[in-house]
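Participant: Before we start, here is the structure in question, set down as structure tokens.
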Amino acid sequence: MAGPPLGSPFVEKPPQLLDPHVQRFDALGRPTPDQVLYEGRLQQYLTRLVAGFVPLNASGLPTADPHVAGQVWRNAGVLTVSAG
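Sequential numbering from 698 applies to the sequence shown in my numbering.
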């Protein structure tokens, strides 16, 4: 499954947690089929989540605090968020 188009927010929700009454591990400590299925779904979700991020090119960011709350800027090579 492909990730969302570039620039689109990631809106997919993670898989629903297993009901607390569902047995997750057997008597020998091995994961049950329900646990394996949940972990597989979670791994697929996390893979799509990470694939949905676009690498950030910081070269166009300001190098001085813009004094705008929430604005990202480069402070000696460190990404910094302005407090305003």
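Quick reminder that beta carbons are idealized off the backbone N, C-alpha and C, glycines included.
Just so you know, these numbers come straight off a predicted model, no measurement behind them.
Please state whether DSSP places residue 728 in a helix, a strand or coil.
Facilitator: strand
Participant: Using a Cβ-Cβ cut-off of 8 Å (strictly less than) and excluding sequence neighbours within five positions of residue 728, which residues of its own chain qualify?
Facilitator: 721, 722, 736
Participant: Can you give the Cα-Cα distance for residue 711 and residue 780, rounded to whole angstroms?
Facilitator: 31 Å
Participant: Are residue 777 and residue 762 touching if we call contact CB-CB under 9 Å?
Facilitator: yes
Participant: I think residue 770 touches residue 753, with their Cβ atoms under 8 Å apart; what is that distance to the nearest whole Å?
Facilitator: Residue 770 to residue 753, Cβ: 13 Å. No contact.
Participant: What is the rounded straight-line gap between the Cα of residue 742 and the Cα of residue 755?
Facilitator: 27 Å
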